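Q:
Residue numbers (this note's numbering): 1024 to 1162.
Below, the structure written as structure tokens:
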């Protein structure tokens, strides 16, 4: 964007920096826009995918791992499109809208106020595995 607004860069290395502290951050690529000391500034934002937790029901769903993930492991996170799911509820019929519940999907509806995260592409019986869901943009 204008004056480099909205550009993202991958960090290669960095010093430990406290709030309102100073330090050095080395990026992989050069800035696309020349920065002038005292005129331009850089704002850093933490990656929203850092420190994610297994669905605790205390925050919006960020994405779906394609395999089981243990604490402190890295993983690819599906945020939209077709992907796997398990059903901890009473079964899901293809075409039903689904929501998340402690790591599984359940049929949305009734008095449930949890946001809809996708639509079942296949059916499964109660406690079934092998469910395929078309996840809406979760990001």
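Glycine included, every Cβ here is placed at the ideal spot set by N, Cα and C. All values reported here derive from a predicted model rather than from experimental measurement.
For the region 1095-1132, which segments carrying the beta strand (DSSP E) assignment without a break, of at least 3 residues, lie completely within its bounds, in sequence order?
A: 1104-1108, 1120-1124, 1127-1130
Q: Anyone know if the C-beta pair for residue 1102 and residue 1141 falls short of 8 Å?
A: Taking the first residue of the chain shown as 1, we reach residue 1102 at position 79. Taking the first residue of the chain shown as 1, we reach residue 1141 at position 118. No; because the gap between Cβ atoms is not below 8 Å, this pair is not in contact.
Q: Would you decide whether residue 1123 is buried or exposed? Buried here means 16 or more other CB atoms lie within 10 Å of its CB.
A: As a position in the chain shown, residue 1123 is number 100, starting the count at 1. Counting Cβ neighbours within 10 Å, residue 1123 comes out buried, since at least 16 surround it.
Q: For residue 1036, write down the residues that DSSP places opposite it in a beta bridge.
A: Position 13 of the chain shown, counting from 1, holds the residue named residue 1036. For residue 1036, which the question treats as bridged, DSSP gives the partners 1049.
Q: Under three-state DSSP, which class holds residue 1154?
A: The count along the chain shown starts at 1 and reaches residue 1154 at position 131. In the structure shown, residue 1154 sits in a strand (DSSP, three-state: E or B).
Q: Pull up the distance between the alpha-carbon of residue 1031 and that of residue 1066, whole angstroms please.
A: As a working mapping, residue 1031 is identified with position 8 in the chain shown. As a working mapping, residue 1066 is identified with position 43 in the chain shown. Straight across, the Cα-Cα distance linking residue 1031 with residue 1066 is about 10 Å.
Q: Please state whether the Cβ-Cβ distance between residue 1108 and residue 1119 is less than 8 Å.
A: On the chain shown, residue 1108 is found 85 positions in, with the first residue counted as 1. On the chain shown, residue 1119 is found 96 positions in, with the first residue counted as 1. No. Outside cutoff.
Q: Would you mind working out which of 1077, 1093, 1096 sits nearest residue 1086, comparing C-alpha positions?
A: Here residue 1086 refers to the residue found at position 63 of the chain shown. Taking only the C-alpha atoms, the option nearest residue 1086 is 1077.
Q: On the premise that residue 1146 lies in contact with residue 1116, defined as a C-beta separation below 8 Å, what is that separation, rounded to the nearest angstrom?
A: Here residue 1116 refers to the residue found at position 93 when the chain shown is read from its first residue. Here residue 1146 refers to the residue found at position 123 when the chain shown is read from its first residue. 5 Å between Cβ atoms; contact.
Q: Return the bridge partner residues of residue 1087 from the DSSP annotation.
A: Walking along the chain shown from the start, residue 1087 turns up at place 64. DSSP, once it has assigned bridges, lists 1101 as partnering residue 1087.
Q: Considering only their Cβ atoms, is the gap separating residue 1110 from residue 1044 smaller than 8 Å?
A: Numbered from its first residue, the chain shown carries residue 1044 at position 21. Numbered from its first residue, the chain shown carries residue 1110 at position 87. The answer is no: Cβ separation not under 8 Å.
Q: Look at residue 1052 and residue 1046 and say whether their C-beta atoms are less than 8 Å apart.
A: Indexing the chain shown from 1 puts residue 1052 at position 29. Indexing the chain shown from 1 puts residue 1046 at position 23. For residue 1052 and residue 1046, no; Cβs fall outside 8 Å.
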